[in-house]
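Going by our numbering, the first residue of the sequence shown is number 34, and it counts up by one from there.
C-beta atoms are modelled at their ideal positions from N, C-alpha and C, and glycine is treated no differently.
Note that the structure is a prediction, hence the values are computed from the model and not measured.
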Amino acid sequence: MPLSTDVLTLTLLSPPVAGTATDFRFGREGGSIGSAGNDSWRLSAHRTGAVCGHAEVRFADDGYCLIDRSGRTHINGASQPIGRGRRARLQQGDTIAIGIYRMRAEFGVAAAELGTGPDTENLTEQPLVHSAEAPLLRVKKEQLPAAEPLQTLRAPVQDAAAFNGAPPWSLAGPNVGVNIPAEEQGDGVESRCSQSQKTGLDSRQHIGVAPLLRGLDSNLTLANSDDMTLLLEEAGQTLQAAISGLLALHQSEDSRHQVLRTRLQPIEDNPLRFAADYSSTVHTLFAGQRSPVHLSAPAAVQESLASLKHHQQATRVATSQGLEAILHALSPDALLQRFRGYRRGLQTDEDENTWAWDMYRHYYQELNSSRQQGFERLFQEVFDQAYDQHIRQLQRESLL
């Protein structure tokens, strides 16, 4: 008999997190999974990788689909996520990864009734972990009935010391959600906190991220391998954005002020200035057999950023000197001296001030005519000279 698809039950496989239900049932109205208060199944956002509205469950075409709303939802162990806004049709037994959470999809009445037994009926109502890990392990075997299915899992465990050094989610399995006596709750909280800190410290020595953290000069604490993977991916995306931005700045230089090309070096050794595309630039910067006379990636980025800083400083100085030249050319004394060079002679009944004002009106009209470009040339000439002088001074100082 085919399974009924009226109900979809997502059962949490790992890890147990306090305050998170062990499973959740979705009807045909669907719902969302994430860390927001309005998400249907709310997951913890603390070092789990789960975000608000992480994924959506929707009933369509007589079946349930999982829609990746975050671009970080994986299914059946795939290395690549489903893709932001894309959907995957769920089948019986599919596994879903949302951050560090792993869950299984089940359909029909059978899945909905899995938690109706005398020992599991509260699975969907109780928090995943009711206390610290140590009390969970101290449940005495003689307290369990002979037919208790958890007995085989607990029999080899003598005390909490057997789990020293294990991550908090190592308790995942059928025993999650078991009610612990109130008097036993609270023991082991300190040990679990110190154990979590120990796990974070160990992650900084992980072979996959230790070089990156050293390069960042940071003491980031990573809770698990998913956090490490996310850090590596975001570091790569950040590096891509930085390289692409610097390439765009170099390639969009105008013909008049090529500040990033104005250098006191006999050869061009910065790969970011080679006018190459992104792929070629990345290969030149990071290839194992790169040229020995090319700047390393950190040095190339530092030099480009220093050039931008020099450009800003030189532009500010040159603009100031250009404006000073214009103000001097338009000063009353300078204009009056110029106007007197235009005059052939002062008539006997002509007022000096009236004549000067009329000359200024003619001068201004000529200044705005299409024939004249002296105003722009004056500013540009002073600007170029001041800019070139200041930029070369800054570059010489940076070489000392």
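| Item | Value |
| --- | --- |
| Any chain D beta carbon closer than 9 angstroms to L263 | Protein chains in the displayed structure number just one, and chain D is not present. |
| CA-to-CA distance, V350 to Q428, given in whole angstroms | 15 angstroms |
| Residue span of the alpha helix (DSSP H) that contains H107, given as start and end | It is not in any alpha helix (DSSP H) - H107 instead sits in the beta strand (DSSP E) that spans 106 to 108. |
| For S47, the first and last residue of its enclosing beta strand (DSSP E) | 41 to 47 |
| R376 burial status per 10 Å Cβ neighbour count (16 or more: buried) | exposed |
| Cβ-Cβ distance between G132 and R105 below 9 angstroms | yes |
| Within 9 angstroms, strictly: CB atoms of T81 and F57 | no |
| Per-residue burial, T317 [other beta carbons within 10 Å of its own, 16 or more giving buried] | buried |
| Stretch-stretch touch, CB-based, cutoff 8 angstroms, three pairs: the segment 357 to 377 with the segment 394 to 411 | yes |
| DSSP-derived helix/strand/coil call for R425 | helix |
| Nonlocal neighbours in the same chain, by C-beta distance under 7 angstroms from I276, ignoring five residues either side | Y311, T314, V315 |
| The segment 111 to 121 in contact with the segment 59 to 70 per 3-pair CB rule at 8 angstroms | no |
| Which of helix, strand or coil DSSP assigns to D302 | coil |
| Outcome for I22 when other beta-carbon atoms lying within 10 angstroms are tallied against a minimum of 16 | This structure cannot settle anything about residue 22, because the visible part of the chain is limited to 34 through 433. |
| Opening and closing residue of the alpha helix (DSSP H) in which D366 lies | 365 to 375 |
| Per DSSP, cross-strand counterpart(s) of M136 | L45, I129 |
| Nearest neighbour of F416, chosen from G374, D384, L400, Q354 [CA to CA] | Q354 |
| Y397 classed as buried or exposed, judged by whether at least 16 other C-beta atoms fall within 10 angstroms | exposed |
| For A54, the three-state DSSP class (helix, strand or coil) | coil |
| Pair within 9 angstroms by beta-carbon distance, Q298 and H423 | no |
| For L99, the first and last residue of its enclosing beta strand (DSSP E) | 96 to 101 |
| Under 9 angstroms between C-beta atoms of E366 and L328 | For the record, residue 366 in the displayed sequence is Asp; it is not Glu. Not in contact: D366 and L328 (Cβ atoms no closer than 9 angstroms). |
| Spatial distance of L123 from A339 (CA atoms) | 53 angstroms |
| Presumed contact (8 angstroms Cβ cut-off) between R137 and T44, rounded CB distance | 5 angstroms |
| Cα-Cα separation, I129 to T348 | 55 angstroms |
| Neighbour-count burial assignment, P140, 16 or more Cβ in a 10 Å radius | Residue identity differs from the one stated: residue 140 is Phe in this sequence, not Pro. F140 is buried by the Cβ-count criterion. |
| Cut-off 8 angstroms between Cβ atoms - residues of its own chain near F307, not counting five sequence neighbours on either side | E301, S313, T314, T317 |
| Bounding residues of the beta strand (DSSP E) (the contiguous stretch that carries I66) | 64 to 67 |
| Classification of H87 by the beta-carbon crowding that lies within 10 angstroms, buried from 16 upward | buried |
| Neighbourhood of R120 by C-beta distance below 6 angstroms, restricted to the same chain and skipping five residues each side | C98, I100 |
| Minimum C-alpha distance to S324 - residue among L255, P304, V334, S77 | P304 |
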